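S.K.: So the sequences go chain by chain: Y and R.
So the first sequence is numbered by numbering that gives the first Met the number 0: it starts at 0 and just counts up by one.
So the second sequence is numbered by numbering that gives the first Met the number 0: it starts at 0 and just counts up by one.
All C-beta atoms, glycine included, are put in the ideal place defined by N, C-alpha and C.
Treat the numbers as computed from the prediction; the structure is a model and nothing was measured.
2 protein chains.
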Amino acid sequence: MRDTRAELLIQAETLVRASGYAGFSYADLAAAVGIRKASIHHHFPTKSDLALALVAAYGERYDAALAEIVAGSERAPERIAAYGQLYLGGVEQGLGCLCAVLAIEGEALPETVRAAVARFFEAHIAWLAAVLEEGQAAGTVRADRDPAVLARLVVATLEGALLLERLLGGPEAFSGTLRALVAGLEAAAPDRA
Amino acid sequence: MRDTRAELLIQAETLVRASGYAGFSYADLAAAVGIRKASIHHHFPTKSDLALALVAAYGERYDAALAEIVAGSERAPERIAAYGQLYLGGVEQGLGCLCAVLAIEGEALPETVRAAVARFFEAHIAWLAAVLEEGQAAGTVRADRDPAVLARLVVATLEGALLLERLLGGPEAFSGTLRALVAGLEAAAPDRA
DNA sequence: CCTTGCCAACCATTTAGTAGGTAGATTTTT
DNA sequence: AAAAATCTACCTACTAAATGGTTGGCAAGG
């Protein structure tokens, strides 16, 4: 029933993550899905409707992944590492983070979309801050920094690493950055080479 | 003499950094500079010519800034902090890094532009790796990590923080991330709250 | 029978880019 | 030094293609 709509979301997400919001057109999307341009408007009247639905779906997928991480690991550093792994797929497929792509288009974006993107990042920061705070209490995360600051550092590093290594170094370089990031967060990091 | 051309570069850079490469048009640029659309083609025949010139000018400005940092500070952590400060202007003005904006548009970009952007990042990574290696030798930077990996971590974190805090937390949040980043690079970080 | 999903055909606007020309400076030739 | 040729920077006016979006209709299915 919702088959076409779902397919539209999938293909549109790929297009946006590959070329940006302004960089893809309804014509491109129609071609990708094998449907006529006018039919897209039936499902998503305007382009910002589509963008909004895209961010919502993306956010939900991440929410599910975060819940799985909490269920699947105990120690905070492990959880952060698992969180970082979520970005890896993008590097492998040569696709940016949907919300990073949208965020960077800033000015040109409908206000509602910008707000949704902001909420996406805020949710991640809040989740990470909670994980890190727990880790500090358990003694697995260095306790000399505000967990909220560390949470922002984590999101920034991973978003930046995706941006960078998608273009430059590929999955291996990304994984190297992720390892260094997690190592820097752990309590009592070894100091000798 | 080169006044118009320079003005075109300035305004075009602002437009791209605010809205992306696909997100601005020659019409926008013409309006910003106060010239007719056709006259832009006189200076930059195609849009990718313009993009290429943009990246070149941006890269040169950064090169100059990097040289100044080397001249103006001795210790590696200070140099990294000064490097991070270069990104701050973008957060304050609500503009992304030119090369991050271009990098994210990936697929949709002319190949020549993509290559120039890649070179931009590679140059920064190389510069940072050299600074960090020197710092390790001098004992100011933690020596348990490959300087090349740390260099990538630095660029990723700063690009990501610019992306994020331009949208979310503003200059203060960016500075917080920068402080945490530099602190994590320093040798013998204090472990107690 | 009327909603859902899709379509062809259309629309106004915008896109990057072109054609051709003009006014003023600079250079080259006489 | 005067005249001729060339160059620079800009213009108006245009084009073909693409943009997001609309209209009205048609077929299938509850």
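(1) Apart from the five residues on each side of it in sequence, which residues of its chain come closer than 7 Å, Cβ to Cβ, to Q135(R)?
(2) Taking C-beta pairs closer than 8 Å, name the residues in chain R that F120(Y) reaches, listed in chain order.
(3) Locate the alpha helix (DSSP H) running through I79(R), then write down its first and last residues.
(4) At a Cβ cut of 8 Å, what residues of the region 95–121 of chain Y count as close to chain R, listed as they run along the chain?
(5) Thinking C-alpha only, which one of G83(R), L49(R), T45(R) and K46(R) is nearest Y61(R)?
(6) Listed from N- to C-terminal order along the chain, which residues in the region 127–158 of chain Y have their beta-carbon within a distance smaller than 9 Å of any beta-carbon of chain R?
(7) With a CB to CB cut of under 6 Å and the five nearest residues on each side skipped, what residues in its chain are close to P189(R)?
(8) Taking only beta-carbon atoms, is A75(Y) less than 8 Å away from chain R?
(9) Looking at the unbroken alpha helix (DSSP H) that takes in T139(Y), where does it start and where does it end?
(10) On the DSSP letters alone, give me the boundaries of the alpha helix (DSSP H) that T176(Y) sits inside.
(11) Can you grab the Cα-Cα spacing for the pair G105(R) / A56(R), in whole Å?
(12) Residues in the same chain with beta-carbon distance under 6 Å from C98(R), minus the five sequence neighbours each way, listed in chain order, please.
(13) Within a Cβ cutoff of 8 Å, which residues of the same chain sit near A192(R), ignoring the five residues on either side of it in sequence?
(14) Rounded to the nearest angstrom, how far is the Cβ of V54(R) from that of L14(R), given a contact under 8 Å?
(15) Check whether chain Y comes within 8 Å of T45(R), counting only Cβ atoms and requiring the distance to be less than that.
(16) When you check each C-beta in the region 3–32 of chain R against every C-beta of chain Y, which residues fall closer than 7 Å?
(17) Rounded to the nearest angstrom, what separates A5(R) and E12(R) at their Cα positions?
(18) Helix, strand or coil for Y57(Y) per DSSP?
(19) Can you name the residues of chain Y whose CB is closer than 7 Å to the CB of A66(R)?
(20) In the structure shown, what three-state DSSP assignment does R35(R) receive?
(21) If you check the beta carbons only, do H151(Y) and A182(R) fall under 8 Å apart?
(22) Mapping DSSP to helix, strand and coil, what is S24(Y)?
(23) Hey, V154(R) and L87(Y): beta-carbon distance below 8 Å or not?
(24) Assess contact between the region 121–130 of chain R and the region 34–47 of chain Y, defined as three or more Cβ pairs (one per stretch) separated by less than 8 Å. Is contact present?
(25) Out of curiosity, what's the CA-to-CA distance linking L193(Y) and E133(R)?
(26) Please classify M0(R) as buried or exposed, where buried requires at least 16 neighbouring CB atoms within 10 angstroms.
M.R.: Let me lay it out:
(1) A142 and P146
(2) Under the 8 Å cutoff, chain R gives L163, L166 and L167.
(3) A75 to Q92
(4) G95, A99, V100, A102, I103, E104, G105, E106, A107, R113, V116, A117, F120 and E121
(5) G83(R)
(6) Q135, R141, A142, D143, R144, D145, A147, V148, L149, R151, L152, V154, A155, T156, L157 and E158
(7) Here P189(R) scores only 48 on pLDDT, less than 50, and its place in the model should not be relied on; the value that follows carries that caveat. Nothing meets the Cβ criterion.
(8) Not an interface residue.
(9) Premise fails: T139(Y) is in no alpha helix (DSSP H) and is neither H nor E.
(10) G169 to L184
(11) 20 Å
(12) V116 and F119
(13) With a pLDDT of 39 at A192(R), under the threshold of 50, the modelled position of this residue cannot be trusted, and the question is left open.
(14) In this structure, V54(R) and L14(R) do not form a Cβ contact; the two beta carbons are roughly 14 Å apart against a cut-off of 8 Å.
(15) no
(16) A17, S18, G19, A21 and G22
(17) Counting only the Cα atoms, E12(R) lies some 11 Å from A5(R).
(18) helix
(19) Within 7 Å Cβ-Cβ: nothing; A66(R) doesn't reach chain Y, min ~23 Å.
(20) coil
(21) The residue you asked about is not His; residue 151(Y) is Arg in the sequence shown. The answer is no: Cβ separation not under 8 Å.
(22) The answer is coil: DSSP assigns S24(Y) none of H, G, I, E or B.
(23) no
(24) no
(25) Because chain Y is modelled from 0 through 192, residue 193(Y) falls outside the range shown and cannot be assessed.
(26) Caution is warranted here: a pLDDT of 48 is assigned to M0(R), below 50, making its placement in the model unreliable, and no coordinate value can be reported.
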